[in-house]
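In full-length UniProt numbering, the protein residues as written are 1 to 147. We treat Cβ as the ideally placed atom computed from N, Cα and C, and that holds for glycine. Data block below; observations after.
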Amino acid sequence: MAFEKVQKTGQGGSTNEPLVSLRKSGGIGINSAATEEYLSDVEFVHIYYDEDNRKIGIKPVDEADGNTYKVNMTESSAGITPSSFMKRHGLVPDVTTRYEVEWDDDEGMLVADLTAEAGTYGSADDDTEEGDGDADGDAAETGASEE
Numbered sequence: 001m002a003f004e005k006v007q008k009t010g011q012g013g014s015t016n017e018p019l020v021s022l023r024k025s026g027g028i029g030i031n032s033a034a035t036e037e038y039l040s041d042v043e044f045v046h047i048y049y050d051e052d053n054r055k056i057g058i059k060p061v062d063e064a065d066g067n068t069y070k071v072n073m074t075e076s077s078a079g080i081t082p083s084s085f086m087k088r089h090g091l092v093p094d095v096t097t098r099y100e101v102e103w104d105d106d107e108g109m110l111v112a113d114l115t116a117e118a119g120t121y122g123s124a125d126d127d128t129e130e131g132d133g134d135a136d137g138d139a140a141e142t143g144a145s146e147e
């Protein structure tokens, strides 16, 4: 039998890779790498969903309207709270799950491929949701949403 490197689970760990976290609370956390690179001065976003390809798009917009979500900034990361959207599409995970994101120049938005999981943290029984070591934890979910 060959050795296989053990991957830590349940530990956040800081990363330089842009990630979003789908939280069991129905929120979306955006880690510091993604926030700094793509959303540093953004107040509002529109959410897009490609159900066939299981992708979520987060598109910065200049002004609030009836379809915007407020971006709740922390010191280095961000969060949005599209709970109804997440529930309606069955996207609320049992445990907080991270996904790598890329900027789509053609669409002008951040895109997370939900078929490419980058890890999980916490547990289904845990009432708290840990951050991933770079402050994309609960603090990013505070504040008002536009839902």
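Report the rounded CA-to-CA distance for Phe3 versus Asn72, giving the unit in angstroms. 43 angstroms
Would you list the one or two residues that DSSP bridges to Thr120? Thr97
Where Ile47 and Met1 are concerned, what is the direct C-alpha to C-alpha distance, given to the nearest angstrom? 46 angstroms
Tell me whether Val45 is buried or exposed, calling it buried when 16 or more other Cβ atoms sit within 10 Å of its Cβ. buried
Exposed or buried, Ser84, counting other C-beta atoms within 10 Å across all chains shown (16 or more means buried)? exposed
For Phe44, three-class secondary structure by DSSP: strand
In whole angstroms, give me the CA-to-CA distance for Asn67 and Ser123. Here the alpha carbon of Asn67 sits roughly 32 angstroms from the alpha carbon of Ser123.
Just tell me which of Lys87, Tyr69, Asp94 has its CA closest to the CA of Gly79. By alpha-carbon distance to Gly79, the top candidate from Lys87, Tyr69, Asp94 is Tyr69.
According to DSSP, what are the bridge partners of Glu102? DSSP, once it has assigned bridges, lists Val111 as partnering Glu102.
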